[in-house]
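Under the working numbering, read the sequence shown as residues 7 to 638, first letter to last.
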Amino acid sequence: MSTYRQFHARSLQQPEAFWREQSALVDWQEPVQRVLDASRPPFARWFTGGRTNLCHNAVDRHLPARADQPALIYVSTETKTEKTYTFAELHREVNRYAAVLKALGTERGDRVLIYMPMIPEAIFAMLASVRIGAIHSVVFGGFASHSLATRIDDARPRIIVSADAGSRSGKTVPYKGLLDQAIALASHAPEHVLMVDRGLAPMPMTPGRDLDCAAQVRQHWDAKVDCVWLESNEPSYILYTSGTTGRPKGVQRDTGGYAVALAASMKHVFGGEAGGTYFSTSDIGWVVGHSYIVYGPLIAGMATVVYEGTPIRPDGAIWWRIIEQYRVNIMFSAPTAIRVLKKQDPALLRRHDLSSLQALFLAGEPLDEPTARWISEGLGKPVVDNYWQTETGWPIIATPRGVEALPAKFGSPGVACYGYDVRLYDEITGAEVGNNTKGVVAIAGPLPPGCMSTIWGDDERFVNTYWHSVPGRSVYSTFDWGIRDDDGYFFILGRTDDVINVAGHRLGTREIEESISSHAGIAEVAVVGIADALKGQVAIAFAVARDPGAVTDAAQRAAMEGEILKLVDSQLGAVARPSRVHFVGVLPKTRSGKLLRRTIQAICEGREAGDLTTIEDASALDQIRQALATKV
Ligand code: PRX
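Take a look at the structure:
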């Protein structure tokens with residue numbers, strides 16, 4: 007048996023011994039009493055009785071060995087700023103932010119909502135929250151007022167931390183107006199809004215509620231704020247993610263399990279070493295940003311690159327320039343970004359010295375073989391696909407290079423990671439399927455450390471959504487299709503639910519449908535994700551107008567489509583904007599009224615429509631075909 011297979015087998019057969027060893031990778035203020043409490047399945051409580059703190063593990067504990075080494079390297083090609091913070095400087099900033107949060111009344115267990123662009127202050131705010139035992143909820147800066155309001159109402163933050171604006175491709179994206187709108191839409195009101203002023207956009211302040219962050223920080227310049235030691239299972243953060251309903255789910259993460267899982271993954275999956283440099287191109291609004299911009303690298307004692315900008319400005323060599331300049335050892339990105347780079351001059355890949363780079367990790371969406379080949383040959387470095395979810399917080403499937411250099415197979419993210427008992431089930435019968443047969447990818451409980459503890463405020467939804475979806479089984483469903491070959495390598499074949507993946511951004515088609523339906527002229531709408539060569543998938547909408555006379559000619563349809571796209575932009579954000587809105591007279595549904603999204607998707611992608619025995623009105627499919635054939 008290979009080294010890795012033994013490692014994996016032991017993690018499942020002797021989970022307590024395995025994870026006790028891993029728990030030594032982080033500091034505990036009070037030792038762990040029990041490694042795993044699985045007495046109330048499917049809930050798993052890891053490292054019970056142990057007390058720790060994420061900020062201590064990410065920052066304070068490195069001070070004796072590396073106070074003057076880089077911890078946070080900020081590069082913004084948007085504002086042309088580069089600034090490095092050592093661990094000592096990061097510690098100082100985080101203490102100031104923690105003091106500000108405390109002075110504003112933030113207590114252990116309170117929520118701090120962070121709606122910010124990629125600036126160091128966002129990371130100070132995250133680390134400051136967990137330092138004082140508060141729970142952060144970072145909302146992606148690309149989301150607009152409605153998305154933000156839903157999250158404000160669910161998380162009920164005492165404080166919101168935001169900034170005047172983000173910047174994308176040289177264009178300022180003002181935040182404050184959207185934030186004010188979101189607060190007006192929400193029923194919950196935060197006590198304070200802390201605003202970071204980058205000098206990019208106006209930020210009208212509401213007296214009494216809104217405070218200038220820099221002024222607050224100045225009042226606590228020399229502050230020292232002790233870490234609040236949390237029991238391992240106390241929450242560290244909430245991160246919202248899309249699912250089958252229009253209501254995003256607050257993925258709740260614990261403290262000790264997450265710290266251990268990240269420390270272990272940095273060693274076993276990424277092969278990261280203290281003193282090295284890690285560059286993840288994600289955004290703090292997504293799970294990759296939480297785990298591998300902020301917590302993972304810092305817990306491992308690595309410097310983390312925080313990048314604001316696109317992969318192609320000022321030119322397509324910017325990321326390779328960063329690798330050379332900061333001697334980056336590990337890079338993490340998404341397949342869409344690589345497909346964007348593939349359109350650039352390949353000579354750019356060789357312009358810089360990449361000798362420090364050990365490997366490029368890619369995740370978030372399927373990695374197609376041509377892209378994988380292009381980048382691995384172009385860089386001459388291993389390209390490591392890895393598959394996971396917001397819910398799990400760290401890779402489910404990968405080739406853990408820190409344990410053994412397993413061969414890569416193009417098209418496969420690899421084998422099950424240690425701690426994960428990955429299985430495949432038949433969607434209808436719930437029977438476990440063998441190798442080389444397509445099934446739903448599921449994980450037999452207990453989930454390993456670091457995975458979601460529950461859905462914020464809704465244990466029942468957690469159990470019903472994730473653990474009751476494979477018929478007759480109580481296993482965690484990933485809602486992805488997959489297949490396993492005889493070597494134990496998995497291939498991921500897309501989602502089983504209504505979630506789509508646009509440029510690595512996970513979006514719920516229902517949320518987009520709800521937004522479009524709020525247009526007064528729309529009676530009904532179906533949104534599906536269809537294959538796209540660059541972005542992996544794009545959203546397409548088929549809408550039924552309330553008044554069919556309002557969309558009879560091309561000019562009317564174009565006007566209505568424009569209104570709908572603007573509406574989605576303003577409610578959800580441009581990330582959720584469908585690439586097209588087509589108009590039809592009727593949508594394909596089953597006789598019981600269920601939208602046949604998979605059928606619509608098949609037609610859009612030019613595939614067979616599949617089993618149509620339950621369809622109410624088969625002519626609806628012709629309308630979809632006709633709409634696709636019509637230009638506007
Ligand atoms: O469908 C899978 C896809 O992205 C989903 C999870 O997205 P998110 O919660 O945003 O977490 C991303 C963490 C990297 C999965 O259910 N997905 C993620 N990684 C891969 C993938 N699909 C294929 N290959 C991957 N490597």
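For each residue, glycine too, the CB sits at the ideal point set by N, CA and C.
Report task. Confirm the yes/no value for this check: CB of Q395, any heavy atom of the ligand PRX, distance under 8 angstroms. Result -> yes
Query raised in the report: Nearest to G500 by alpha carbon, out of G542, L110 and S524?
Result: G542
Requested in this report: Leaving aside the five residues before and after R2 along the sequence, list all residues of the same chain whose C-beta is less than 7 angstroms from its C-beta, in chain order.
Outcome: There is no way to answer for residue 2, as the model of the chain reaches only from 7 to 638.
Query raised in the report: For the putative contact between D170 and L206, defined by C-beta atoms under 8 angstroms, what is the C-beta separation to the nearest angstrom?
Result: 5 angstroms
Report task. Check whether the Cβ atoms of M337 and L366 sit closer than 9 angstroms, and answer yes or no. Result -> yes
Query raised in the report: Taking the alpha carbon of P241 as the point to measure from, which residue in S576, D74, T460 and L573 has its own alpha carbon closest?
Result: T460
**Report entry** Proximity of W462 and V293 at Cβ, strictly below 9 angstroms
**Finding:** no
Report task. Could you pull the start and end residues of the beta strand (DSSP E) that I546 belongs to? Result -> G542 to A551
Query raised in the report: G478 to F49, Cα distance in whole Å?
Result: 18 angstroms
Query - CA-to-CA distance, L185 to A150, given in whole angstroms - result: 8 angstroms
Report task. Under the assumption that Y181 contacts G147 (Cβ atoms under 8 angstroms), give the Cβ distance between them as a whole number of angstroms. Result -> 7 angstroms
Query - I305 beta carbon near the ligand PRX (any heavy atom closer than 8 angstroms) - result: no
Query raised in the report: For F93, does the three-state DSSP call read helix, strand or coil?
Result: helix
Query raised in the report: Got a sec: does the ligand PRX put a non-hydrogen atom nearer than 8 angstroms to the Cβ of F53?
Result: no
Query raised in the report: Exposed or buried, which one is W394 when buried takes at least 16 other CB atoms within 10 Å?
Result: buried
Requested in this report: Indicate whether the contact test is met: 3 or more Cβ pairs, each with one atom in the segment 483-497 and one in the segment 437-455, closer than 8 angstroms.
Outcome: yes
Query - Cβ-based burial, N470 [other Cβ within 10 Å; buried from 16] - result: exposed
Query - Stretch-stretch touch, CB-based, cutoff 8 angstroms, three pairs: the segment 155-172 with the segment 263-281 - result: no
Query raised in the report: What three-state label does DSSP hand M337 in the structure shown?
Result: strand
Report task. Any chance you could list the alpha helix (DSSP H) runs of at least 4 consecutive residues sitting entirely within the segment 179-220, in chain order? Result -> 182-191
Query raised in the report: Which of helix, strand or coil does DSSP assign to H511?
Result: strand
Requested in this report: Return helix, strand or coil for L60, following the three-state DSSP convention.
Outcome: helix
Query raised in the report: Taking contact to mean at least 3 C-beta pairs separated by less than 8 angstroms, is the segment 604-620 in contact with the segment 552-560?
Result: no
Query raised in the report: According to the neighbour-count rule (16 or more other Cβ atoms, all chains shown, within 10 Å of its Cβ), is W227 buried or exposed?
Result: exposed
**Report entry** Simplified DSSP assignment, three categories, for I125
**Finding:** coil
Query raised in the report: Closer than 8 angstroms: is that where the CB of W292 sits relative to any heavy atom of the ligand PRX?
Result: yes
Query raised in the report: Name the DSSP bridge partner or partners of I528?
Result: A551
**Report entry** Neighbourhood of Q640 by C-beta distance below 8 angstroms, restricted to the same chain and skipping five residues each side
**Finding:** Given that the chain is displayed from residue 7 to residue 638, the structure contains no residue 640 and the question cannot be resolved.
Query raised in the report: Does the segment 508-526 come within contact of the segment 472-486, defined as at least 3 CB pairs closer than 8 angstroms?
Result: no
Query raised in the report: Under 9 angstroms, do M144 and H296 count as touching if we go by C-beta distance?
Result: Per the sequence shown, residue 144 should be read as Val rather than Met. A contact, by the Cβ cut-off of 9 angstroms.
Query raised in the report: Counting pairs of Cβ atoms below 8 angstroms between the segment 314-328 and the segment 368-377, do you hit three or more?
Result: no
Query raised in the report: What is the C-beta distance between K89 and I138, in whole angstroms, given that I count them as a contact (C-beta under 8 angstroms)?
Result: That pair is no contact at about 25 angstroms.
Query - Between the CA atoms of I518 and R11 - distance to the nearest angstrom - result: 42 angstroms
Query - Check: F485 C-beta below 8 angstroms from any heavy atom of the ligand PRX - result: yes
Query raised in the report: Taking three-plus beta-carbon pairs below 8 angstroms as touching, is the segment 212-222 in contact with the segment 183-202?
Result: yes
Requested in this report: Buried or exposed for D683, please, with buried defined as at least 16 other CB atoms from any protein chain shown within 10 angstroms of its CB.
Outcome: No answer is possible for residue 683: the residues shown for the chain start at 7 and end at 638.
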